[in-house]
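Participant: Residue numbers (our numbering), protein chains in the order written: chain A, 1 to 364; chain B, 365 to 726; chain C, 727 to 1316. From the three backbone atoms N, C-alpha and C, an ideal C-beta is built for every residue, glycine too. This structure is in structure tokens; I'll ask about it shortly.
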Amino acid sequence: MMTIKPARLAAVPVRLLAAASLCLSLIAPPALAQDTAWAGGDANAKALGALYDAAQQAKQTQVVIYGGYSALFKPLWEVFHERFPAITITPNPISGPRLVSKLDAEFATGSLEGDVLMAGMTELLSNVAKDRASPYKPPNIAALPERYVDPQGRFIIQFADVFGLVYNTNLMKPADLPKTLGDLADPKYKGMVLDSPLAGGLATLTWIELYNSGLLDGKTMRAIRDNASIVPSVTPFYANLSTGSVKLLPWGSFTRYIQMKDAGAPVGFQATPGLVVPLYGGTAILKGGPNPKAAELFQAWFVTPEAQKALITRGYSFPLLPGVNTPDGWPNLKQIAESLKVIPPADYMAVRGRFEAAVKEALR
Amino acid sequence: MSDIKVESLTCRYGRSVAVDNIDLAVREGEFLSLLGPSGCGKTTTLRCIAGLESPAAGRISIGGQLMAEVEQGFVVPPNKRALGMVFQSYALWPHMSVFANVAYPLKMRSTPRDQIPTKVRKALQLVGMAELEQRGTSELSGGQQQRVALARALVAEPSVLLLDEPLSNLDSSLRTHMRRELRRIHREIRTTCVYVTHDQLEAATLSDRIVVMRSGRIQQIGTPPEIFSTPANQWVAEFVGYDNFIPATVTNREGNLLIVQPRNWPMTVAARAPAQCPPAGAGVTLAIRSSALALNRSGVEGRSLQARVVDSMFVGDLTEFVLDAHGSRLIARAPERAPTADGATVSVHLPLDQIVVLPAPQ
Amino acid sequence: MTRDNARALPTSVAHRRRAGRMGGPWGMALLLLAVAFLFIWPVVMQLMGMFRTAAPGTDGGWSLDVVARVYGSPATYRYLWNSLVYGLATTLLATAMGASFAFLAAHSNAWGRSLLTPVMLLVFAAPNLFYAISWSLLADPGTGLLNLAVRTLTRPDVTLFNAYTWTGLIVVQALKLTGFCYLLLLGPFQGMNRSFEEASLISGAGRFTTLLRVTIPLMAPALFGVVIVGIVFGLGTFDIPQILGALANIDFLSTEIFKSISFEVPPDYARASALSLFVMLVLAVLLVVQWRVLKAGRFVTVTGKSNRQNRWDLGGWRYLGTAAILLFTLFALLLPLVQLILTSLQPTIGVYKFSLANYQAVFRDRQTVQAFSTTGLLAVSAGLLAMLLAALLGHVGRHAPRWIERYLDSATLVPIIMPGVSLAVGLLWAYISIPGLRSLYGTFWLALIGVMVAVMPMASRAVRGALAQIARELEEAAAVSGASPLRVLWDIVIRLMSRSFLAGWLVTAIIAAGMLDVPIMLLSSTRPTVSILVYTQLLAGTPTQACALLVLLLVAVMLLAVAAAALIGLCNRLARRQVYPPIQTVSPGV
């Protein structure tokens, strides 16, 4: 099994530190494997070393990563840079429409600036469908469960976030929280903040999963919508949640919650079964990017125990590599995932289409 | 060479014609005034010469060099015409000092840097502003601004100086003073000048020749005495200050004199025959200045005219009388002090050499 | 001595279109084409998108579906109505406040007037998003600091302030917009010839009547510029409607546009363009009104006859002016600014523990210092470029046939009708489809051009108001003196409107510094601007670090403004001192 060497934890908040060291102590590292544990073994370490050499020989000194997650994971890139000092990761937080248009333009003219696309499923799939991904399976990929890897190697899923009830602990007690989707229509939750399920934002992405699993019907959709304050985007309202002007986000990000909690905000997270939804993210190497070798190295590194562990401590996200365990108190991703029906990537767009038709009908 | 030739110049603003096919020649060193009421096209003509307006037709040349030939599509822009110009509002640049304002044309014409101060001071001295060169333009009085504007126009020693009603913003005593100054300066530098004004007095005192314009056309060109003593038509006469117009018929000619019969008068009047003498029986208009009519309150002389006083009005150094002479309304100005009672009869003397015979208005 | 009269105004409107054509027909044609490419082409390309089934630059057919869907939906007209009310109300309020304060600063003796420019600068420079967040924290009906303060003074059930209402939205946006209006109006007010006002006072009009009947009408070109930009901006602005409008349950065109392009994959630019068409229509109507109302030559206040400036003694009204200045400073600047600074010291919004940790984190990031220098360079040079080009186009327009003037006038405004993302995408496609420019993609230079285009509407309004005030004879005098049209522009026109020019430069530079969409689309990933870093922080869930960056940005803007003020002071002093030493004796005669 893989072993993890305690990485630099100095900058990590105390709570996480405790959690992380707890999980480290459970899988005590054999002394001999110390030097290569970060990569998940000698072979992997050697393979990554070879990739590093190749990138250096090609004089590739950076990897440009497009996508909003590249901003969230900025602290992780320091870990990478320490491991491979000759290469820096340049995050470009461009996302949403800007990202789509920038990629459209770059591919149309062949003047590519980005090396790696890091995004959620929808964006990954839409770009893969446009034949923009360069297939690549890193030498250490076998460690990752097969379902997270595109069979042709065009993209890899490496991380997840869980969306559940995020609430202000001064205003609500865990007992007051909704137990089912239907409870969200209760007038006592009036004013909870939700983006429009029709708009393609967070509500759309989470509802697709719930709808696909048969948990959410048209009537409930409508009742929830009518009970919520519909905003263009949920993101700015995490601030209102911690100040108390918003009590509840029915689908709030666990990543945001843990960040706010660590900063001392009075917020709580509840992973209520039947309500909570995980959303996955991953990366694809862009075809014709300026630093393909460095991009391959990155792709390989991101599924190493070192990177996956740093996802927890520095990226506040769920790693997907087996054996890298999340701290106590984090929701059990595996359980949550299993409670929902899996949508194979190939079917995702079709499911989304069915959902959109249903939601339009329900909210008319 | 710095003569100006304007041939068949026409200038339009949209549909309205500002200058209508005029020809004009300004001789070298001459001071020429364009005189006329506002809207007569005099300023437009000047701006065409300066290159600030694009004419619709015609040719303009300065010093033998073609400046604009509309038919060929040839126009020299104003900055390449090497002119000096004084604007009605002075157009001093408020962000520059007096010195900088005057030095500007020199800089634009690439005068060697070390010559600029001398030339600027000479120009300022010429207009009597030598001591104020460091001032900002906002610290100057109107007259001083006027002088600076003149210095700026002169500093680059242009072959032609254009002046657009430069004195119209000054008060009357300052205007008289500046008129004399302009005359002195022109005597000194002998630059060809084109001067636009609506003030006949300015035109008379300053000009070698005057061009009288109306509605975009030239009415008369001549020296000041010619314009003032033999206006070409009633409109010019009126504009240069004639205020009595009497319709009459030519009776006959006696040598240099023309005998005419004013309508309804019991007597004929003799006047100097004009160059183009109308035949006997032709209708004419007699023009006389009010100041040329002499009044005699008591006596009745042979050829003098009897008239009734309708109104009299004290106007400073003179008294103005409104008279009725056999149905003709006359205005006379005489150095009388005491007003005359309305209705009194006076005799009016018509000085033969001050009567101008004009063609009858159509 | 101030003796002006009506005769001093340019002799006729007609003169404007005749004199001093620039550059010949080929030069003019080239200029018109360049303007079309820079300002119209990217926008038209995006607008065409509403008839297309695919994103710009990609294959796709033509269709009327989107148009039918958007214009056939009654909800669209509700958004339009809300946006119109919002744009009009905020603009009128902000213009009234901006003009009043510009008047106080330029012409009055009210105490505190010297505070106004720095205050307005900061209000204007404060980013919209954080202005909105600050106000939502201040005037939240439940936990807003202002309400808490009022409750401790009165009774615990009092809720005096509520940002999540129409009133709240309009007041907050108007406070923010006032900074813009003030900065663009200050130059024209300062350049105004006092004799017009004196003439009115002597004609028996009171001060207030004079202000209303003489001062304000003379300011019409500048006011129109501000109103046009304000209304169109109000239709398109997103941040305050998003943060405050969503909880007030008010939908706007801008929030709908945001939804159509932000969440659809691929983004629904077609719907965004269809919605933006309303903005374009409003702009067109405003421009036509402007052209009909404003006739050239009527607004000349800077003439060749010099005059002195002196201030009005407001008498007792002075105290009212001072009170207004202080009240505005408190509500438009201090409260939101203090809130912003407090937030930047907090670990997360809403947790009242204070430390410098955010600043430390910001400085630890190796990109921070570079981002500030990139932003500074980009903003200052794009602002300057925009102002110079605006001055050139305005100058050319004044001397060209009327259709060219109107073409230039409207072309420079066109970029404002597109929401930021759409404009940035349009620019990207426009540049990347031209081979020569394509090689500039990802470099500073292309981003510079893009940002310049995006701030051009503001630059052209700043210039237009100021140009209208300059008497033509001042330009003609220079032309006759031998200056070429470009020299006239540089030596005379730009100098005469230097105050407005500098204000416009500052305003456009500040807008450019806060701009996200254009730099993120055109700039290299390795050289982010401060806005991109701020955006990074927001995405990373650390809004308080974003606040720290913004506080630093505000400090940088202030330092820049102070440096600019010092530079101007120095220039003025140098200009007053003569280059040539006076000589005592010169031989007479020429």
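With a cut-off of 8 Å, does the C-beta of C:Gly913 fall near any C-beta of chain B?
Facilitator: Taking the first residue of the third sequence as 1, we reach residue 913 of chain C at position 187. By this cut-off, C:Gly913 is not an interface position.
Participant: For A:Tyr280, write down the residues that DSSP places opposite it in a beta bridge.
Facilitator: Against the first sequence, residue 280 of chain A aligns to sequence position 280. A:Ala160.
Participant: In chain order, what residues of the same chain lie with their CB nearer than 6 Å to the CB of B:Ile386, ignoring the 5 residues before and after it?
Facilitator: The residue you call residue 386 of chain B lines up with position 22 of the second sequence. Excluding sequence neighbours, B:Ile386 sits near Leu373, Ile582.
Participant: At a CB distance below 8 Å, what residues from the stretch 1192-1212 of chain C approach chain B? Give them in sequence order.
Facilitator: The residues in question are Ala1197, Glu1199, Leu1200, Glu1202, Ala1203, Ala1204, Ala1205, Val1206, Ser1207, Gly1208, Ala1209, Ser1210, Pro1211.
Participant: Using a Cβ-Cβ cutoff of less than 6 Å, which residues in the same chain neighbour A:Cys23 once the five nearest sequence positions on both sides are dropped?
Facilitator: Position 23 of the first sequence, counting from 1, holds the residue named residue 23 of chain A. Caution applies to A:Cys23, whose pLDDT of 45 falls short of 50 and renders its modelled position unreliable; the value that the coordinates give is listed next. Cβ neighbours of A:Cys23 beyond the five flanking positions: Asn325.
Participant: Relative to the alpha-carbon of C:Ala1229, which residue among C:Ala996, C:Pro993, C:Gly775, C:Phe850 has its alpha-carbon at the smallest distance?
Facilitator: Position 503 of the third sequence, counted from the first residue, corresponds to residue 1229 of chain C. Checking every option, the nearest Cα to that of C:Ala1229 belongs to C:Phe850.
Participant: Between C:Leu810 and C:Leu961, what straight-line distance do the alpha-carbon atoms span, to the nearest angstrom?
Facilitator: Against the third sequence, residue 810 of chain C aligns to sequence position 84. Against the third sequence, residue 961 of chain C aligns to sequence position 235. So the alpha carbons of these two residues sit roughly 6 Å apart.
Participant: Within 10 angstroms of the Cβ of B:Gly378, are there 16 or more other Cβ atoms? Answer buried if so, exposed if not.
Facilitator: Reading the second sequence from its first residue, position 14 is the one you call residue 378 of chain B. The residue is exposed, with fewer than 16 neighbouring Cβ atoms inside 10 Å.
Participant: Going along chain B, which residues have a C-beta under 9 Å from C:Leu1071?
Facilitator: In the third sequence, counting from the first residue as 1, residue 1071 of chain C sits at position 345. The contacting residues do not exist; C:Leu1071 stays about 46 Å from chain B at best.
Participant: Starting from C:Tyr995, trace the alpha helix (DSSP H) in both directions and tell me its first and last residue.
Facilitator: Counting from one through the third sequence, the residue named residue 995 of chain C turns up at place 269. Counting along the chain, the alpha helix (DSSP H) containing C:Tyr995 begins and ends at 995-1019.
Participant: Just the Cα atoms here: how many angstroms apart are C:Tyr1109 and C:Leu1193?
Facilitator: For the purposes of this step, residue 1109 of chain C is taken as the residue at position 383 of the third sequence. For the purposes of this step, residue 1193 of chain C is taken as the residue at position 467 of the third sequence. The sequence as given places Gly at residue 1109 of chain C; Tyr does not occur at that position. About 18 Å.
Participant: Please list the residues of the stretch 413-435 of chain B that have a C-beta atom closer than 8 Å to any C-beta atom in chain C, keeping them in chain order.
Facilitator: Flagged, chain order: Ala414, Gly415, Leu416, Glu417, Ser418.
Participant: Could you work out which residue in A:Met260, A:Gly96, A:Leu205 is closest to A:Val276 when comparing CA atoms only?
Facilitator: Within the first sequence, residue 276 of chain A is the residue found at index 276, counting from 1. Selected option, being the one with the closest Cα: A:Leu205.
Participant: Mind listing which residues of the stretch 1235-1253 of chain C have their C-beta closer than 8 Å to chain A's C-betas, in chain order?
Facilitator: Answer in chain order: Asp1243, Ile1246, Met1247, Ser1250, Ser1251, Thr1252.
Participant: Would you say C:Arg877 reaches chain A, if we count a Cβ-Cβ gap shorter than 8 Å as a contact?
Facilitator: For the purposes of this step, residue 877 of chain C is taken as residue 151 along the third sequence, with counting starting at 1. C:Arg877 does not count as touching chain A.
Participant: Could you please give me the residues that DSSP links to C:Arg1132 through a beta bridge?
Facilitator: Taking the third sequence and counting its residues from 1, the one referred to as residue 1132 of chain C is at position 406. Partner(s): none; C:Arg1132 has no beta bridge.
Participant: With DSSP as the reference, label C:Tyr806 as helix, strand or coil.
Facilitator: Residue numbering aside, residue 806 of chain C sits at position 80 when the third sequence is read from its first letter. A small correction: the amino acid at residue 806 of chain C is Leu; Tyr does not occupy that position in the sequence shown. C:Leu806 falls in the helix class under three-state DSSP.
Participant: B:Ile368 by DSSP, collapsed to three states: which one?
Facilitator: Here the question's residue 368 of chain B lines up with position 4 in the second sequence. If DSSP states are grouped into helix, strand and coil, B:Ile368 belongs with the strands.
Participant: Check this for me: beta carbons of C:Cys907 and C:Thr816, under 8 Å apart or not?
Facilitator: The residue labelled residue 907 of chain C in the question sits at position 181 within the third sequence. The residue labelled residue 816 of chain C in the question sits at position 90 within the third sequence. Contact flag unset, no.
Participant: Over what stretch of residues does the beta strand (DSSP E) that includes B:His713 continue unbroken?
Facilitator: Here residue 713 of chain B is taken as the residue at index 349 of the second sequence, counted from 1. Counting along the chain, the beta strand (DSSP E) containing B:His713 begins and ends at 709-713.
Participant: Which one of A:Thr90, A:Asn291, A:Arg352 has the shortest CA to CA distance from A:Ala55?
Facilitator: Start at 1 with the first residue of the first sequence, and residue 55 of chain A comes out as number 55. Among A:Thr90, A:Asn291, A:Arg352, the Cα nearest to that of A:Ala55 belongs to A:Asn291.
Participant: Taking the C-alpha atoms as reference points, what is the distance between C:Leu1071 and A:Lys309?
Facilitator: On the third sequence, position 345 is the one that residue 1071 of chain C refers to. On the first sequence, position 309 is the one that residue 309 of chain A refers to. Answer to the nearest angstrom: the Cα atoms are 30 Å apart.
Participant: Chain C beta carbons: is any one of them nearer than 8 Å to that of A:Pro97?
Facilitator: Mapped onto the first sequence, residue 97 of chain A falls at position 97. So, interface residue.
Participant: Helix, strand or coil: which one does DSSP assign to A:Asn92?
Facilitator: By one-based count along the first sequence, residue 92 of chain A stands at place 92. If DSSP states are grouped into helix, strand and coil, A:Asn92 belongs with the strands.
Participant: Which value, in whole angstroms, describes the spacing of the CA atoms of C:Arg939 and C:Ala946?
Facilitator: Along the third sequence, read from residue 1 onward, the residue named residue 939 of chain C stands at position 213. Along the third sequence, read from residue 1 onward, the residue named residue 946 of chain C stands at position 220. Taking the straight line joining both Cα atoms gives about 11 Å.
Participant: Going along the stretch 1145-1164 of chain C in order, which residues come within less than 8 Å of chain A, judged by CB to CB distance?
Facilitator: For the stretch 1145-1164 of chain C, which is checked against every Cβ of chain A, the residues closer than 8 Å are Val1147, Ala1150, Val1151, Leu1154, Trp1155, Ile1158, Ser1159, Arg1164.
Participant: Quick check: what's the CA-CA separation for A:Leu26 versus A:Arg354?
Facilitator: Here residue 26 of chain A refers to the residue found at position 26 when the first sequence is read from its first residue. Here residue 354 of chain A refers to the residue found at position 354 when the first sequence is read from its first residue. Residue confidence is low: A:Leu26 scores 44 on pLDDT, short of 50, so the model does not pin down where it sits. No coordinate-derived value is stated.
Participant: At which residues does the alpha helix (DSSP H) containing B:Ala414 begin and terminate?
Facilitator: Working through the second sequence from its first residue, we reach residue 414 of chain B at position 50. B:Ala414 -> alpha helix (DSSP H) spans 406-414.
Participant: Just to confirm the assignment: which complete beta strand (DSSP E) runs, minimum length 3, are found wholly within the stretch 1147-1180 of chain C?
Facilitator: Segments of the beta strand (DSSP E) lying fully in the stretch 1147-1180 of chain C: there are none.
Participant: 8 Å is my cut-off, CB to CB: does C:Leu1222 come that close to chain B?
Facilitator: On the third sequence, residue 1222 of chain C is found 496 positions in, with the first residue counted as 1. Yes, C:Leu1222 counts as interfacial toward chain B.
Participant: Among the candidates A:Val162, A:Asp161, A:Phe163, A:Pro138, whose CA atom is the shortest distance from the CA of A:Pro151?
Facilitator: Numbered from 1 along the first sequence, position 151 holds the residue referred to as residue 151 of chain A. Answer by Cα proximity: A:Pro138.
Participant: To which residues does DSSP link A:Met118 through a beta bridge?
Facilitator: Position 118 of the first sequence, counting from 1, holds the residue named residue 118 of chain A. Beta-bridge pairing links A:Met118 to A:Thr283.
Participant: Would you report the Cα separation of B:Asp706 and B:Ala612, rounded to the nearest angstrom?
Facilitator: Walking along the second sequence from the start, residue 706 of chain B turns up at place 342. Walking along the second sequence from the start, residue 612 of chain B turns up at place 248. Approximately 27 Å between the Cα atoms of the pair.
Participant: Should A:Gln335 be labelled buried (16 or more other beta-carbon atoms within 10 Å of its own) or exposed?
Facilitator: Mapped onto the first sequence, residue 335 of chain A falls at position 335. So A:Gln335 ends up on the exposed side.
Participant: Sorted by chain position, which residues of the same chain lie with C-beta nearer than 6 Å to B:Val381's C-beta, five sequence neighbours on each side aside?
Facilitator: Translated into positions along the second sequence, residue 381 of chain B becomes position 17. Closer than 6 Å at Cβ, skipping near neighbours: Gly580.
Participant: Is it buried or exposed for A:Val342, if we count other Cβ within 10 angstroms and need 16 for buried?
Facilitator: Indexing the first sequence from 1 puts residue 342 of chain A at position 342. A:Val342 comes out exposed.
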